[in-house]
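Asker: Before I ask anything, here is the structure I am working with.
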Amino acid sequence: MKPQLDQKQSNNQLNLYEQDFQLWIEQTISSLETKQFNSLDIEHLIEELKELGKSEKRALESNLMVLLAHLLKLMIQHDAPDSMKNSWYRSIIEHRQRVLIALKNTPSLKSYLETALETAYPDGRNLAIQEGKKASFGVRIPQEDEYPNVCPFSLEQILDQDFFHLPSQ
Numbered sequence: 001m002k003p004q005l006d007q008k009q010s011n012n013q014l015n016l017y018e019q020d021f022q023l024w025i026e027q028t029i030s031s032l033e034t035k036q037f038n039s040l041d042i043e044h045l046i047e048e049l050k051e052l053g054k055s056e057k058r059a060l061e062s063n064l065m066v067l068l069a070h071l072l073k074l075m076i077q078h079d080a081p082d083s084m085k086n087s088w089y090r091s092i093i094e095h096r097q098r099v100l101i102a103l104k105n106t107p108s109l110k111s112y113l114e115t116a117l118e119t120a121y122p123d124g125r126n127l128a129i130q131e132g133k134k135a136s137f138g139v140r141i142p143q144e145d146e147y148p149n150v151c152p153f154s155l156e157q158i159l160d161q162d163f164f165h166l167p168s169q
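Each residue of the sequence shown is one higher than the one before, counting from 1 in the UniProt record's numbering.
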C-alpha cells in the first residue's frame with residue numbers, strides 16, 4: 001500500500017507544479033528542510049535547478065551585451081554630443097556594476113566569463129549598430145564596417161571601472 005501512497009504524492013506534486021508554482025516551491029523547500037526527501041518532485045526540482053544556472057549565465061551575457069554596445073558606441077561615435085554620451089556612460093557604469101556583482105556573488109561564473117564575452121559581443125555589436133542607425137539629426141551615423149567583428153576590448157578593460165575607451169585612451 002505504501003508504493004501506491006508514494007505514487008499519489010508524486011501525482012499531487014506534479015499537479016501542484018503545473019497549477020501553483022509558488023506553492024510547489026514552498027512545499028519543496030519545506031520538504032528539503034524537514035528531510036522528507038520521498039515527497040520531493042525530483043524531476044521538476046532538477047529541471048528548476050538547471051534553469052537557475054542558465055538564468056545566471058543569461059543575465060551575465062545580457063549585461064555584457066549592453067556594456068559592450070555602449071563601449072563600442074563611445075569608441076565609434078566619439079564625436080557624438082555629450083548629451084548622448086552621458087547616457088552611454090551611465091549605462092556602462094550600471095551594467096559593468098551588474099557584471100561585477102554577479103561575479104562577486106557567484107564566483108564560479110568567472111570560469112564562464114570568456115564564453116559569455118564570445119556570446120555577448122556579436123549581440124552587443126548588433127545593438128550598437130542598430131542604435132547607431134537611430135542617431136539624432138546632425139549626428140553622424142556610423143557605417144556598419146566601423147564596428148569591429150572581433151571584440152576590441154580585453155576582459156580586463158571591460159571590467160575596469162575606469163575604462164570607457166575614450167579617443168585619448
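Quick reminder that beta carbons are idealized off the backbone N, C-alpha and C, glycines included.
Where does T34 fall in DSSP's three states?
Answerer: In the structure shown, T34 sits in coil (DSSP, three-state: anything other than H, G, I, E or B).
Asker: Using C-beta distances below 6 Å, list every residue in its chain close to D145, excluding the 5 sequence neighbours before and after it, in chain order.
Answerer: If we look at D145 and ignore the five residues flanking it on each side, it has no Cβ neighbours.
Asker: When the Cα of S154 is compared with those of H95, S62, E118, A80, which residue comes out closest?
Answerer: Among H95, S62, E118, A80, the Cα nearest to that of S154 belongs to E118.
Asker: Indicate whether at least one CB of chain D lies closer than 9 Å to the CB of P107.
Answerer: Within the model displayed, chain D is absent; a lone protein chain is all it includes.
Asker: Cβ of V139 within 9 Å of Cβ of M84?
Answerer: Against a cut-off of 9 Å, the Cβ pair of M84 and V139 comes out as a contact.
Asker: Quick one: grab the DSSP three-state call for residue 170.
Answerer: Here the chain covers residues 1 to 169 and nothing more, so residue 170 does not appear.
Asker: With a Cβ-Cβ cutoff of 9 Å, do L72 and R125 count as a contact?
Answerer: For L72 and R125, yes; Cβs fall inside 9 Å.
Asker: Might you give, ordered along the chain, the residues of its own chain that have their beta carbon closer than 6 Å to the beta carbon of W88, omitting 5 neighbours on each side?
Answerer: Once the five neighbours on either side are set aside, the close Cβ partners of W88 are H70, K73, L74.
Asker: Given a cut-off of 9 Å on the beta-carbon distance, is the pair L52 and T28 in contact?
Answerer: Cβ atoms of L52 and T28: not closer than 9 Å.
Asker: If we ignore side chains and look at the alpha-carbon of each, how far apart do L113 and I129 end up?
Answerer: Whole-angstrom Cα-Cα distance: 23 Å.
Asker: Kindly give me the distance between the Cβ atoms of A116 and L64, rounded to whole angstroms, as I take these residues to be in contact under 8 Å.
Answerer: About 6 Å; that satisfies the 8 Å criterion.
Asker: Among the candidates R98, L40, L16, whose CA atom is the shortest distance from the CA of E61?
Answerer: Cα-wise, what sits closest to E61 is R98.
Asker: Compare the C-alpha of L16 against each of P81, D41, S108, A59 and name the closest.
Answerer: The residue with the shortest Cα to Cα distance from L16 is D41.
Asker: Nearest by alpha-carbon distance to E56: which of I92, L23, K104 is it?
Answerer: It is K104.
Asker: Report the option in H165, D160, I141, P142 whose CA atom is closest to the CA atom of P152.
Answerer: Of the listed residues, the one whose Cα sits closest to P152 is H165.
Asker: Give every residue of the same chain whose Cβ lies closer than 6 Å to the Cβ of residue 171, excluding the five residues on either side of it in the sequence, and list them in chain order.
Answerer: Because residue 171 is not part of the residues shown, which for the chain are 1 to 169, the question remains open.
Asker: If you run the structure through DSSP and keep just helix, strand and coil, what is A80?
Answerer: In this structure, A80 counts as coil in the three-state DSSP scheme.
Asker: Provide the residue span of the alpha helix (DSSP H) that contains G124, from first to last.
Answerer: Here the alpha helix (DSSP H) through G124 covers 113–132.
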